[in-house]
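Everything on this sheet refers to the single structure shown next.
So this is what it looks like as structure tokens:
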């Protein structure tokens with residue numbers, strides 16, 4: 022009888038140890054999954070915020086430069102038309118004045134050269150702004166690509182997290198099944214010993 026009690030106590034101790042181990046394993050799995058999720062979300066949020074902030078700044082810069090470019094293009098068109106008219110007028114005046122007033126030729130020629138220099142300078146400024154706009158557009162495309170890559174990283178991390186959760190669930194189910202089977206085996210052994218004792222009597 023004492024041996025049976027000792028055996029039962031040992032089995033109970035084993036069951037308690039298994040339950041404690043299972044509890045620790047479940048707690049470790051939960052903590053590990055939670056830390057992994059928090060770290061992944063923190064990293065993704067940081068990258069996304071930085072990308073969004075950079076993209077917003079670039080978009081704002083692009084909008085400002087586009088507005089400046091459009092305004093300058095419109096202004097240059099008007100200036101170009103006005104300068105062309107003025108240039109034509111000056112040329113006609115120079116031509117007429119050459120015929121009528123040879124003495125005034127130098128003064129009108131200077132005026133013509135100044136107008137032409139302004140026209141050339143504004144055309145150069147317009148070309149420079151177009152180059153800046155092209156560079157900013159390229160940077161904007163790069164930011165869009167970085168956001169796409171960040172999104173792919175996020176989706177991959179979420180898939181990995183789901184796999185980890187499924188693995189933890191399977192481990193918990195395995196340990197629960199193992200405990201149930203252990204309990205059933207111990208009960209069967211108890212019943213078997215009880216029947217043998219009755220037969221001996």
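Residue numbers (the numbering used here): 22 to 222.
We put the beta carbon where it would ideally sit given N, CA and C, even for glycine.
All of these numbers come straight from a predicted model, not from anything done at the bench.
C-beta contact flag for residue 39 and residue 200 at 9 Å: yes
Let's test the definition: count the other Cβ atoms within 10 Å of the Cβ of residue 111 and tell me whether it reaches 16, buried, or not, exposed. buried
Inspect the CB distances between the region 78 to 92 and the region 156 to 167 and report whether three or more fall short of 8 Å. yes
Does the distance from the CB of residue 93 to the CB of residue 182 come in under 9 Å? no
Go through the region 101 to 148 residue by residue and report every complete run of the beta strand (DSSP E) that reaches 3 residues or more, in order. none
When the Cα atoms are used, what is the spatial distance from residue 66 to residue 89? 34 Å
What number of angstroms, rounded off, separates the C-alpha of residue 180 from the C-alpha of residue 52? 18 Å
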